[in-house]
Amino acid sequence: MSKKPFLIFSLIAVLIVGGLWLYCMPSLGKDAPKPTSTPSSTLTQGTTLEEALVAAIDEVMAQNPEFNDNARYLGIDTSMLTSLDEKGKAALLTALEKYNLTVLDAPFEKLQQEGYIKDLIFTEGLFLQIEEEVVSGNEIILYPSKWRSTTLHIGCSQMVLTQSDSGWHLSTIGNWWHM
């Protein structure tokens, strides 16, 4: 048997898959988020930790806004945010209502069990995953991402929240990645 038909078939398959991938993800490359060192949002003096977290989430939500299209739900697992007490978590959830989405405070697995996420696709919503590392009493490093499916998610290598005399603020944004 000749290897030539197999090679031709393989080449055609690679070209088709690559073309479909580029067609389905048109923003990759030309509109890809650029690394930044300072946030685009500005915070007022005396900002609370919850407000600084919302500023970080605003930055994530602003990336690849087409991910947000037709979303009805915004899932977030506040149990991962160890720097907030229950009152702070409630304030954060209330602040996230500004996106006009039904906010669901639940881990990813619970959203799957309740049927919001099926076959690793959140067809009617977005899931925000925010891991944090408390470096000191005045610095927290966040590792945030916005997820719609296994092929539609974006995140940041790190965001730094710092506390000064005037309160908490988002001081640094690392590099963006997406799939």
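Each residue of the sequence shown is one higher than the one before, counting from 11 in my numbering. The beta-carbon is built from N, C-alpha and C at its ideal position, and this holds for glycine as well.
Asked: Let me know the secondary structure DSSP gives GLN123 once reduced to three states.; Found: helix
Asked: Could you check what DSSP says for SER93 in three-state terms: helix, strand or coil?; Found: coil
Asked: Would you mind giving the Cβ-Cβ distance between LEU138 and ASN78, rounded to the nearest angstrom? I have them listed as a contact below 8 Å.; Found: That pair is no contact at about 11 Å.
Asked: Compare the beta carbon distance of THR88 and LEU103 with 8 Å and say whether it is the shorter of the two.; Found: yes
Asked: Could you tell me if the beta carbon of GLY85 falls within a distance shorter than 7 Å of some heavy atom in the ligand PLP?; Found: The ligand PLP is not among the ligands present in this structure, which contains no ligands whatsoever.
Asked: From this set, THR112, TYR83, VAL64, ILE127, which residue's C-alpha is nearest LEU94's C-alpha?; Found: VAL64
Asked: Counting Cβ pairs closer than 8 Å, one from the stretch 65-72 and one from the stretch 165-174, do we hit at least three?; Found: yes
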